[in-house]
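Peer 1: Please read through the structure below; I'll follow up with questions.
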Amino acid sequence: MGIVLQPGNIVFLDTAPFIYFFEQHPIFFPYMEKLFYDVSIYQVKVITSMITFIEIVTHPARIGNQELVEQYRTYFTRSSQITLLPIDLSIANEAIDIRTQYTLKTPDAIQLGTAIAYSATYIITNDRQWKQLAPQNVLLVDEM
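For the sequence shown, the numbering used here gives the first residue as 1, with consecutive numbering after it.
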């Protein structure tokens with residue numbers, strides 16, 4: 001399918017794509033590097049939910065890697081490219097609708113609910129289940 005970004009697009013990123021980018025995953029990093037380059041060129045808005053922040057910071061915190069914890073905190077709270085969204089009532093209602101229709105776990109429903117509540121043009125994940133449940137705008141990282 002691929003991704004064709006245009007000014008004004010909104011891209012929701014799930015947790016895994018961020019990890020691939022930060023950890024320079026041998027297969028998925030090039031896709032993410034190109035995405036972030038295109039985001040800066042086309043002035044695309046990138047959003048993610050507080051779930052991503054929790055998921056991405058937990059592992060380095062658990063193993064005591066405070067430097068990486070601070071790196072992530074700084075990136076997600078000060079980046080001009082990423083908007084970290086709190087869970088509000090509209091997101092909660094979308095998540096409830098998703099959980100009512102499908103057997104997604106609450107964190108995944110919140111992630112998708114965030115993307116839907118903010119009318120994401122594209123939803124980038126590597127969760128194949130999302131492809132089966134969500135609209136055509138869900139892309140796996142290697143489909144970009």
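Cβ atoms here follow ideal geometry from the backbone N, Cα and C, with glycine treated the same way.
According to the Cβ coordinates, are Tyr122 and Asn9 closer than 8 Å?
Peer 2: Result yes, Cβ atoms of Tyr122 and Asn9 sit closer than 8 Å.
Peer 1: Just tell me which of Ala115, Asp38, Leu104 has its CA closest to the CA of Gln129.
Peer 2: Considering only alpha carbons, the answer is Leu104.
Peer 1: Using 10 angstroms around the beta-carbon of Asp88, count the other beta-carbons present and answer buried if the total reaches 16, otherwise exposed.
Peer 2: When all chains shown are included, Asp88 counts as exposed.
Peer 1: Between which two residues does the beta strand (DSSP E) carrying Tyr122 extend?
Peer 2: From DSSP, the beta strand (DSSP E) with Tyr122 extends over 122-125.
Peer 1: At 4 residues or longer, what runs of the alpha helix (DSSP H) sit wholly inside the stretch 45-108?
Peer 2: Within the stretch 45-108, the complete alpha helix (DSSP H) runs of at least 4 residues are 50-62, 66-78, 89-101.
Peer 1: Quick check on this structure: which residue in Phe21, Arg78, Asp38 has the alpha carbon closest to the alpha carbon of Thr125?
Peer 2: Thr125 has its Cα closest to that of Phe21, out of Phe21, Arg78, Asp38.
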